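Numbers 186 to 354, taken from the numbering used here, label the letters of the sequence shown in order.
Note sheet for the following structure.
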Amino acid sequence: MVIKPLTSKYLPNYRGWSKIRRRDTTEAIVGAITGTLTRPQLLVLGRHDDTSRLRAVGRTVTLRPEQARQVAEHLTAADPGHPWTGVRFAAAWGSRDVLDAVLVRPEMVAEISADRSIDRGGVFRYPLRFKRCAWTSRPRTYLGSVRVRLRRRGDRRIRRLQRGLARNR
Numbered sequence: 186m187v188i189k190p191l192t193s194k195y196l197p198n199y200r201g202w203s204k205i206r207r208r209d210t211t212e213a214i215v216g217a218i219t220g221t222l223t224r225p226q227l228l229v230l231g232r233h234d235d236t237s238r239l240r241a242v243g244r245t246v247t248l249r250p251e252q253a254r255q256v257a258e259h260l261t262a263a264d265p266g267h268p269w270t271g272v273r274f275a276a277a278w279g280s281r282d283v284l285d286a287v288l289v290r291p292e293m294v295a296e297i298s299a300d301r302s303i304d305r306g307g308v309f310r311y312p313l314r315f316k317r318c319a320w321t322s323r324p325r326t327y328l329g330s331v332r333v334r335l336r337r338r339g340d341r342r343i344r345r346l347q348r349g350l351a352r353n354r
């Protein structure tokens, strides 16, 4: 959304208008990192699709030192047969540069803040902001396509739906 005075016109090199983007909090599985297991720099995140395949959906901005320490406690090197073996990740949206990614066991779930802009296939257009480690056990049982898409802060109807989903499991 762009906010501007009604009578203002666009002027090049002048910052008279404001742009506001809505961000939602959601979860995603950490499937790869850049950096080392003891000092990750950014996270490559994924979600399970309808066929239970882990699909890459985005990456975070560079982690702050305290976030990197928190994440490093839960990372383990990937076993052979990781779903992303042989996959190359773009360094930025629309870029041909490739990230030097280290695959990790897809066991940690990260809470992230995401812009509402999502491309086809559920891929986030802009880098994600890491908030915290949500938890680290059996992400597949939790991250179904319905529950992840429903999470929004402050919406009572969605919280009721989430409670109903949890009871039915």
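The beta-carbon is built from N, C-alpha and C at its ideal position, and this holds for glycine as well.
Because the structure is a prediction, the values reported are computed rather than measured.
If you keep only unbroken beta strand (DSSP E) runs of at least 3 residues inside the region 225-258, you get 225-233, 239-244. Beta-bridge annotation (DSSP): I218 is paired with L228, V287. Under the three-pair Cβ rule at 8 Å, the region 229-247 counts as touching the region 299-315.
Counting along the chain, the unbroken beta strand (DSSP E) around A295 starts and ends at 294-300. A residue is called buried once 16 or more other Cβ atoms fall within 10 Å of its Cβ, and G266, having fewer, is exposed. Per DSSP, the continuous beta strand (DSSP E) segment holding F315 begins and ends at 314-320. Pairwise C-beta distances place the region 268-286 out of contact with the region 204-212, as fewer than three of them are shorter than 8 Å.
Between L227 and T211, the C-beta spacing is not below 9 Å.
The shortest CA-to-CA distance from W202 to any of T192, I214, V187, V215 is the one to V187.
In this structure, DSSP gives R208 an extended state, which the three-state scheme calls strand.
By alpha-carbon distance to L260, the top candidate from I303, S193, T221 is T221. Here L288 has G216, A217, A262, A263, H267, W269, T270 as same chain residues with Cβ atoms under 8 Å from its own Cβ, once five neighbours each way along the sequence are excluded. CA-to-CA, the gap between P225 and R301 works out to about 26 Å. The C-beta of A286 has 16 or more other C-beta atoms within 10 Å across all chains shown, which makes the residue buried.
Buried is the label assigned to V256, since at least 16 other Cβ atoms lie within 10 Å of its Cβ.
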